[in-house]
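Notes to accompany the following structure.
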Amino acid sequence: MPQTKAYAAPAAPGVYSFQITGMSEESMGDFPMFLDNKVETDATIYVKIKQLGYGSKFINVDGVYSKFQEVQSVPIIEYINYGKTVVGWDITYKIDNLEKGMHNIEFGCIGVNFPSRTLRDNATILKI
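Counting from 1, position 78 in the sequence shown corresponds to residue 86 in our numbering; the numbering is continuous, with no gaps.
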């Protein structure tokens with residue numbers, strides 16, 4: 009009887025890193041870092057997040073759950089001895105329709121598996 013060598017992938021890790029890596033008024037190109045993730049703009053702002061591990065994402069604006077368009081999600085691939093696996097994503101969100109004034113935007117991710125943890129990062133946007 010023929011035998012096959014099959015390898016099971018390990019369980020998906022819960023989120024272990026979740027951080028803002030840059031912000032821009034353009035959806036593509038460079039996403040520079042800003043001191044303390046603070047930016048002033050009169051336009052739509054795009055925020056890039058690096059997520060490592062798996063989980064459910066959320067965004068709060070001034071403490072209230074909000075939905076924003078995820079305009080890009082690029083998988084981060086790790087090559088292992090039996091193939092490759094997705095270990096995370098570079099995600100770009102389009103933050104628009106903010107009223108004028110100062111806003112605290114909280115980006116978060118609730119990890120899968122036990123023990124579950126929630127990781128967050130914040131941006132401050134002054135909409136002018």
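Even for Gly, the Cβ is constructed at its ideal location relative to N, Cα and C.
Look up Asp-98 in the DSSP assignment and say whether it is helix, strand or coil.
Position 90 of the sequence shown holds residue 98. DSSP places Asp-98 in strand when its eight states are reduced to three.
So, under 8 Å CB-CB, Gln-80 and Lys-58 are touching, yes? Tell me the CB distance rounded to an integer number of Å.
Numbered from 1 along the sequence shown, position 72 holds the residue referred to as residue 80. Numbered from 1 along the sequence shown, position 50 holds the residue referred to as residue 58. Between Lys-58 and Gln-80 the Cβ distance is about 13 Å, and since that is not below 8 Å, they are no contact.
On the three-pair Cβ rule with 8 Å, is the stretch 114 to 123 touching the stretch 78 to 97?
no
Residue range of the beta strand (DSSP E) that Gly-119 falls in?
For the purposes of this step, residue 119 is identified with residue 111 of the sequence shown, where counting begins at 1. Start and end: 109 to 119.
Output the distance between the C-alpha atoms of Phe-42 and Gln-11, rounded to the nearest integer angstrom.
Looking up residue 42 in the sequence shown gives position 34. Looking up residue 11 in the sequence shown gives position 3. Rounded to whole angstroms, Phe-42 to Gln-11 spans 55 Å at the Cα level.
Around the Cβ of Ser-32, are there at least 16 other Cβ atoms within 10 angstroms (buried) or fewer (exposed)?
The residue given as residue 32 occupies position 24 in the sequence shown. Classification for Ser-32: buried.
As assigned by DSSP and simplified to three states, the class of Asn-130:
Translated into the one-based positions of the sequence shown, residue 130 becomes position 122. Strand, per DSSP.
Can you list, in chain order, the stretches of the beta strand (DSSP E) that have 3 or more residues and sit fully within the stretch 31 to 100?
46 to 49, 53 to 60, 63 to 69, 72 to 74, 77 to 88
With a 10 Å radius around its C-beta and 16 neighbouring C-beta atoms as the bar for buried, classify Lys-56 as buried or exposed.
Here residue 56 refers to the residue found at position 48 of the sequence shown. Per the 10 Å Cβ criterion, buried.
Could you tell me if Ile-113 is buried or exposed, where buried requires 16 or more neighbouring beta carbons within 10 angstroms of its beta carbon?
Position 105 of the sequence shown, counting from 1, holds the residue named residue 113. With 16 or more Cβ atoms within 10 Å of its Cβ, Ile-113 is classed as buried.
Gln-11 - DSSP class collapsed to helix/strand/coil
For the purposes of this step, residue 11 is identified with residue 3 of the sequence shown, where counting begins at 1. Residue state, collapsed to three classes: coil.
Whether Gly-61 touches Tyr-90 by CB criterion (8 Å):
Along the sequence shown, one-based indexing puts residue 61 at 53. Along the sequence shown, one-based indexing puts residue 90 at 82. Cβ atoms of Gly-61 and Tyr-90: not closer than 8 Å.
Once the 5 residues before and after Met-36 are set aside, which same chain residues still bring their CB inside 7 Å of it?
In the sequence shown, residue 36 corresponds to position 28, counting from 1. Answer for Met-36: no residue qualifies.
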